[in-house]
Amino acid sequence: MFWRARWRKLCRSQTRPGSGLKKCGNSCTGGLRREIRRRMTTIRRLRCGCDRAKENREERDMKKRLFSWCMAAALLMASLLGTGVTAEATTGGEIAAASRNGVVRILVQLPTGDYATGSGFGVGKTGESATYFVTNYHVAGEHTYAVGVLDGEEVAIEIDESQTDQARELGLSVVTAPPVAVWIMKNDKAYIPGRGVDTSNTIACEVVYAEEQYPDIAVIKAVENVPERVALPLLEDEEKVEAGDAVYALGYPGTSDDTEETFWGTSWVADIDDVTITSGIISRFTTASTFGNTRLIQHDATINHGNSGGPLIDSRGAVIGINTYSFGASDNYDDNSSYSVRIDYIKDVLDDLHIEYDLYQPEKEGGMPVAVVAGIAVLLIIAAAVIVLVKKKAQPEISQAESTPELVPVKPTAAAPVVKVSAPAAQAIAGDSGLRFQGVSGIFTGKRFAITGQVKIGRDPAKNDFVYPEGTEGISGVHCVLVYQDGQLYLQDLGSTYGTFVNGGQRLAANQAVMLQPGDKFNLGSEKECFVITRKGGV
Numbered sequence: 005m006f007w008r009a010r011w012r013k014l015c016r017s018q019t020r021p022g023s024g025l026k027k028c029g030n031s032c033t034g035g036l037r038r039e040i041r042r043r044m045t046t047i048r049r050l051r052c053g054c055d056r057a058k059e060n061r062e063e064r065d066m067k068k069r070l071f072s073w074c075m076a077a078a079l080l081m082a083s084l085l086g087t088g089v090t091a092e093a094t095t096g097g098e099i100a101a102a103s104r105n106g107v108v109r110i111l112v113q114l115p116t117g118d119y120a121t122g123s124g125f126g127v128g129k130t131g132e133s134a135t136y137f138v139t140n141y142h143v144a145g146e147h148t149y150a151v152g153v154l155d156g157e158e159v160a161i162e163i164d165e166s167q168t169d170q171a172r173e174l175g176l177s178v179v180t181a182p183p184v185a186v187w188i189m190k191n192d193k194a195y196i197p198g199r200g201v202d203t204s205n206t207i208a209c210e211v212v213y214a215e216e217q218y219p220d221i222a223v224i225k226a227v228e229n230v231p232e233r234v235a236l237p238l239l240e241d242e243e244k245v246e247a248g249d250a251v252y253a254l255g256y257p258g259t260s261d262d263t264e265e266t267f268w269g270t271s272w273v274a275d276i277d278d279v280t281i282t283s284g285i286i287s288r289f290t291t292a293s294t295f296g297n298t299r300l301i302q303h304d305a306t307i308n309h310g311n312s313g314g315p316l317i318d319s320r321g322a323v324i325g326i327n328t329y330s331f332g333a334s335d336n337y338d339d340n341s342s343y344s345v346r347i348d349y350i351k352d353v354l355d356d357l358h359i360e361y362d363l364y365q366p367e368k369e370g371g372m373p374v375a376v377v378a379g380i381a382v383l384l385i386i387a388a389a390v391i392v393l394v395k396k397k398a399q400p401e402i403s404q405a406e407s408t409p410e411l412v413p414v415k416p417t418a419a420a421p422v423v424k425v426s427a428p429a430a431q432a433i434a435g436d437s438g439l440r441f442q443g444v445s446g447i448f449t450g451k452r453f454a455i456t457g458q459v460k461i462g463r464d465p466a467k468n469d470f471v472y473p474e475g476t477e478g479i480s481g482v483h484c485v486l487v488y489q490d491g492q493l494y495l496q497d498l499g500s501t502y503g504t505f506v507n508g509g510q511r512l513a514a515n516q517a518v519m520l521q522p523g524d525k526f527n528l529g530s531e532k533e534c535f536v537i538t539r540k541g542g543v
């Protein structure tokens, strides 16, 4: 038996009523124990036995109080542990539900006068109001149309690339054109079937990127912040997801509209609570030659017309892909497999556009478990009690010089072989090197930056391409430079005070340069400010 297979782009279209047009299918500190030294022998002589007895009574009283405090703290921690409540206990489904406020419904007016919808998601600082939104090219980019006269009737219909030859055989012209207008729908009153668009319930958008049919990505910018819609974090590393992992597809499929009938007809829903969530697992990762060798995630979370451009997230809430295609064995809505474009394509586009976005960071997105917090609280209580007890004993005076370590520049280690980089500014290759440096820790954690020619790093805005905030500890005015020349990437220290380090150990001498490869890490001044070299697209 042969199954008739079909690919579908998941953008929902709507023919304008009454137009006569045809539409085409679319250091935790827990466990820390300190040895408390036995009381130091007093250097003064007790004048009488009553003084010693008084001191012993005070010591016994203090020990009793210390014991009481420890017992109270232990009971508090036990009660917290008994509740079983931690910040990490949130399920993937709950995280997916909380991610709905990062999803929008996009409304597009086509040159034919018809309207279509898709989905999109916000990018920027996680949890803050978003202005930039990612969607599919086939939602906000150019569309293909067949126009002309057919059987004596003027027609203008949207078609896909597989139907162009058929259209020409029918004597129709095939043209491509961008949308007339793109909006984000605020609510389900933005579009009323039979009446059209209510612009008071929409936010106009500018298409800032829609250049390639594959990998089918577009970026739009709203003219104002979209109420209650925020940016979602993007997957930090494609290697963090594997086949079998749970995933959630979020968006506005047209099938959900069929349940929302109004006086005017079917309503196009667009509220946050109307975001549809479907779940599944990753089936495999593939490269689709049918779609320009685009790297895709195959999964079984159901997506349909209208889901195009919506996010595919993992159980932590990180966006790992953009929902784009479905593949099935029939012409109904029951599809066997869903496909999402991988996230690194999106990150590359945002990098090229200099649009900031956040990568998922467990330590910031989650939170410390209550049990750990309770453990720390117990230790603090015990430490406070110990301090009170010990302060009753005479302590040797410690000088300021002994107690406060001085911040001293680290001495260079033995010099590594020097790679000569002569006149890097003149020899640096212009244009995108295809490499990125990504913040691992420090001020730029989770940010990724393109390497074009050379990138000079430091605090002085007049002398650097990549500028640290004034006063950043350990960063010199002109610290180091990344140079891409002759197909190789080099890191050169520029005489920094606190040093430039490679892969956690080797400190570069002043003006020394070393070759870097994807996966290599470098630090500025200390372990706090760390970057890793990656390739564009994550390959």
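According to my numbering, numbering within the sequence shown proceeds without interruption in unit steps and concludes at 543.
From the three backbone atoms N, C-alpha and C, an ideal C-beta is built for every residue, glycine too.
{"Query": "So, does the region 270-282 touch the region 103-115, judging by three or more C-beta pairs under 8 Å?", "Result": "yes"}
{"Query": "If you run the structure through DSSP and keep just helix, strand and coil, what is Asn105?", "Result": "helix"}
{"Query": "What does DSSP give as the partner residues of Ile461 in its beta bridges?", "Result": "Phe470 and Cys484"}
{"Query": "Rank Asp261, Lys351, Arg346 and Arg511 by C-alpha distance to the C-alpha of Arg109 and give the top, closest one.", "Result": "Asp261"}
{"Query": "Would you report the Cα separation of Leu493 and Arg320, rounded to the nearest angstrom?", "Result": "34 Å"}
{"Query": "If you measure between the beta carbons of Arg233 and Gly313, is that distance less than 8 Å?", "Result": "no"}
{"Query": "Could you say which of Asp490, Ile447, Ala150 and Ile163 lies nearest to Gly478 if we only look at CA atoms?", "Result": "Ile447"}
{"Query": "Kindly identify the DSSP beta-bridge partner or partners of Ala235.", "Result": "Thr130"}
{"Query": "Using C-beta distances below 6 Å, list every residue in its chain close to Pro219, excluding the 5 sequence neighbours before and after it, in chain order.", "Result": "Thr298, Val345 and Tyr349"}
{"Query": "If you compare alpha carbons, which of Thr538, Thr139, Asp304 and His483 is closest to Glu216?", "Result": "Thr139"}
{"Query": "For a minimum of 3 consecutive residues, which ranges assigned as the beta strand (DSSP E) are wholly contained in the region 225-313?", "Result": "250-255, 280-292 and 298-303"}
{"Query": "According to DSSP, is Thr203 helix, strand or coil?", "Result": "helix"}
{"Query": "If Ala305 sits next to Ala253, beta carbons under 8 Å apart, how far is it from one beta carbon to the other, in whole angstroms?", "Result": "4 Å"}
{"Query": "How big is the Cα-Cα spacing for Asp362 and Ala134?", "Result": "12 Å"}
{"Query": "Rounded to the nearest angstrom, what separates Ile207 and Lys190 at their Cα positions?", "Result": "7 Å"}
{"Query": "Using a Cβ distance threshold of 8 Å, determine whether the region 457-468 contacts the region 476-491, with at least three qualifying pairs required.", "Result": "yes"}
{"Query": "Can you tell me which of Pro182, Glu165, Thr121 and Gly131 puts its alpha carbon nearest to the alpha carbon of Tyr195?", "Result": "Thr121"}
{"Query": "Among Ser445, Arg440 and Gly503, which one has its Cα closest to the Cα of Gly523?", "Result": "Arg440"}
{"Query": "Pull up the distance between the alpha-carbon of Val245 and that of Pro257, whole angstroms please.", "Result": "25 Å"}
{"Query": "Could you spell out the range, first to last residue, of the beta strand (DSSP E) harbouring Thr139?", "Result": "Tyr136 to Thr139"}
{"Query": "Given Tyr141, which residues of its chain have a CB within under 7 Å of its CB, disregarding the five upstream and five downstream residues?", "Result": "Ala214, Glu216, Gln217, Asp220, Ile221 and Ala222"}
{"Query": "When the Cα atoms are used, what is the spatial distance from Ala185 to Val251?", "Result": "32 Å"}
{"Query": "Using a Cβ-Cβ cut-off of 8 Å, state whether Asp192 counts as contacting chain C.", "Result": "You won't find chain C in this structure, because it holds only one protein chain."}
{"Query": "Go to Asp318, then tell me how far its beta strand (DSSP E) extends in each direction, as first and last residue.", "Result": "Pro315 to Asp318"}
{"Query": "Measuring alpha carbon to alpha carbon, tell me which residue in Ile317, Lys525, Asp356 and Ser437 is nearest Ile1.", "Result": "Any answer about residue 1 is impossible in this case: the structure gives the chain only from 5 up to 543."}
{"Query": "Can you tell me which of Ser341, Gly175, Lys532 and Val211 puts its alpha carbon nearest to the alpha carbon of Ile547?", "Result": "Look at the range of the chain in this structure, 5 to 543, and you will see that residue 547 is not part of it."}
{"Query": "DSSP three-state call for Ile163: helix, strand or coil?", "Result": "strand"}
{"Query": "Report the CB separation of His303 from Ser293 in whole angstroms; it is logged as a contact under 8 Å.", "Result": "The Cβ separation is near 20 Å, so there is no contact."}
{"Query": "Is Arg199 buried or exposed, if buried means 16 or more other CB atoms sit within 10 Å of its CB?", "Result": "exposed"}
{"Query": "Measure the alpha-carbon distance for Glu240 versus Thr456 and round it to whole angstroms.", "Result": "22 Å"}
{"Query": "Can you list, in chain order, the residues of its chain with a C-beta nearer than 8 Å to that of Val444? Leave out the 5 residues immediately preceding and following it.", "Result": "Lys525, Cys534, Phe535 and Val536"}
{"Query": "Report the option in Gly450, Lys467, Leu495 and Ala513 whose CA atom is closest to the CA atom of Leu238.", "Result": "Gly450"}
{"Query": "Would you kindly work out how many angstroms separate the C-alpha atoms of Asp192 and Gln496, rounded to a whole number?", "Result": "56 Å"}
{"Query": "Nearest-angstrom Cα distance between Gln442 and Arg452?", "Result": "4 Å"}
{"Query": "Could you please give me the residues that DSSP links to Ile110 through a beta bridge?", "Result": "Gly122 and Ile188"}
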